[in-house]
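Residue numbers (the working numbering): 14 to 628.
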């Protein structure tokens, strides 16, 4: 018998009884329909039913989750591996409260050697796909990868241009003259010579520097024999650069192995995972990741979630992964990683020796990073709390301004007028709740007061209507902040009085002087320059301004590509392109005869008449 939550319906019992014995992804929802947890399963019926059977659990998080489940959805997939990819995608999109989340789950930078090109390029990418190219990474940051590429290009002067190489260019570019390209574009280097250079780039990125050093040392000696001391000095500097990198990368006791070492530290609702990338016995990089929502989670579940998240976007999987705990779904993860990398992968806990020391070192790094994070969080929380209290006191607010909504207007000489709303909850930006507005009244032009009145009226009307279907509009702000001075505030107060909304605090902040205006006060308020309250208002204002300006630029850019032809029935993108290619401009089309227009490919006489009438 299924033990379902008290507030669930008979529909849930029916859905549980009719679950398929197939792999897939499931989405648990609470009584307001919000997704609170997303999971995957090799057998949906067994996995979902396990949450509802009469079985006690010692995991507080599971107990709490089970009490909140009111409904669920399922998505059937072909395999558990496909379900894993879908699960990761849905978690990133929906950010459910009860899922463990990687805070830094953006795409990581890689070095790509594009072997699909006749003369391969070497460049940064965040897309790691199985396309025949070679990928190296991930790297800790774009800045670290740029430093590596800068050195690579000095050591191995490969091309950085995007042109098609045929060897027939008359002159090489500047890169050739500053020793950063061997100019295959002019035929200065043959394709064979260029590919030899690319092979060395790949060897270097794989950590195989011994043969490279041997070869270029010979080149240095040959240059010295030929009395070409300038070339010999240049090669000597390249050797020193390689040796410097080798010293940084050296890991004592690990010989010619490719390993990822994962360390972990957990405290309350956060976990830090440190990963060392060891390639060919060299430490080529490291990175730490923060996981959020880890309270009451077991270590084997967290390591499993991390491995699934990290390697779902990473094709550069070493044959060996070492860590301090085996993931909960070990067998599936091994099969998935092996299938993904097309070679057998192992996950082990080293009990002794150098690898054990590396895991301890990774754990220690994770612990230290988590300590710093907690210190930063505690400091930020104190500063935010101080700022909120300052605002309540200085602005005379009835409550702490936990939710602040800031509004700004953007336009260019009265054209394409738009507005924005930034949202800060407990001192933090809630970017998913930001909103943008197009000013509907075309007669407003560059009247900022009228624009702000329209936007605030639309916002407050949504509050009166309980937000309709927009979650961000259903929330009532503790403070509405206007980007502007006393004039904007007075204009907005007219709207507030007309709508009869009296229980929402409102203020405006003027640029430059950073003066704050309040209703019914003739004098402005000036907060101390280092006030945390002022800093919070400035952040809200700056975010609203940034969001409005970005939206306005996008609209303006799109309007540039609009044409009078767009509004003519029967004219689509292809016919518009054909007409403009033939006549060159709208004016030329306007001045052409019906016969000339109707002779255009795809344009009959009736359509030509319509075009002439419209223009």
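Beta carbons are placed, not taken as given, at the ideal position from N, Cα and C, and that holds for glycine.
Of all C-beta pairs linking the stretch 280-289 to the stretch 300-309, three or more are shorter than 8 Å, placing the two stretches in contact.
Nearest to residue 354 by alpha-carbon distance, out of 519, 143, 431 and 240, is 143.
Look at residue 556 here: in three-state DSSP terms it is helix. Going by DSSP, residue 190 is part of the alpha helix (DSSP H) stretching over 187-190.
Between residue 149 and residue 333, the gap from beta carbon to beta carbon reaches 8 Å or more. DSSP places residue 252 in the helix class (H, G or I) of the three-state scheme. Pairwise C-beta distances place the stretch 389-401 in contact with the stretch 537-549, as three or more of them are shorter than 8 Å.
Shown here, residue 86 sits in a strand according to DSSP, grouped into three states.
Residue 622: not part of any beta strand (DSSP E); member of the alpha helix (DSSP H) spanning 618-627, first to last residue.
Taking C-alpha positions only, residue 427 is separated from residue 565 by approximately 11 Å.
Residue 442 has 437 as its beta-bridge partners, per DSSP. CA-CA distance, residue 463 to residue 601, rounds to 40 Å. Per the DSSP secondary-structure output, residue 292 pairs in a beta bridge with 295. In this structure, the alpha-carbon of residue 122 lies about 25 Å from that of residue 207. Per the C-alpha coordinates, the member of 291, 388 and 64 positioned closest to residue 375 is 291. Here the alpha carbons of residue 66 and residue 341 stand approximately 21 Å from one another.
Annotated as distal: residue 551 and residue 521, with beta-carbon spacing of 8 Å or more. Straight-line measurement puts the Cα of residue 196 at about 6 Å from the Cα of residue 202. With respect to the 8 Å criterion, residue 50 and residue 109 are classified as neighbours on the basis of their beta carbons. With fewer than 16 other CB atoms across the displayed protein chains lying within 10 angstroms of its CB, residue 191 is exposed. With a minimum length of 4 residues, the unbroken runs of alpha helix (DSSP H) contained wholly in the stretch 279-367 fall at 312-325 and 343-354. Judged by DSSP secondary structure, residue 591 falls within the alpha helix (DSSP H) whose first and last residues are 586-596. If you draw a straight line from the Cα of residue 494 to the Cα of residue 425, it is about 23 Å long.
Within the stretch 492-542, the complete beta strand (DSSP E) segments at least 3 residues long are 492-496 and 518-522, listed from N- to C-terminus.
By the Cβ test, the stretch 432-445 is in contact with the stretch 414-424, since at least three Cβ pairs between them sit closer than 8 Å. Of the residues assessed, residue 408 falls on the buried side of the cut-off, its CB having 16 or more other CB atoms within 10 angstroms. By the Cβ criterion, the stretch 158-178 is in contact with the stretch 128-138, since at least three pairs of Cβ atoms, one from each stretch, lie closer than 8 Å.
In the structure shown, residue 147 adopts extended strand secondary structure according to DSSP, grouped into three states. Between residue 358 and residue 371, the CB-CB gap reaches or exceeds 8 Å. For residue 136, the enclosing beta strand (DSSP E) has its first and last residue at 135-138.
Between the alpha carbons of residue 326 and residue 102 lies a distance of about 11 Å. Note that the C-beta distance between residue 252 and residue 226 is below 8 Å. Between residue 215 and residue 172, the C-beta spacing is not below 8 Å. The way I'd put it, the stretch 33-47 does touch the stretch 82-93; three or more beta-carbon pairs between them come closer than 8 Å.
DSSP, reduced to helix, strand and coil, places residue 470 within a helical segment of the structure shown.
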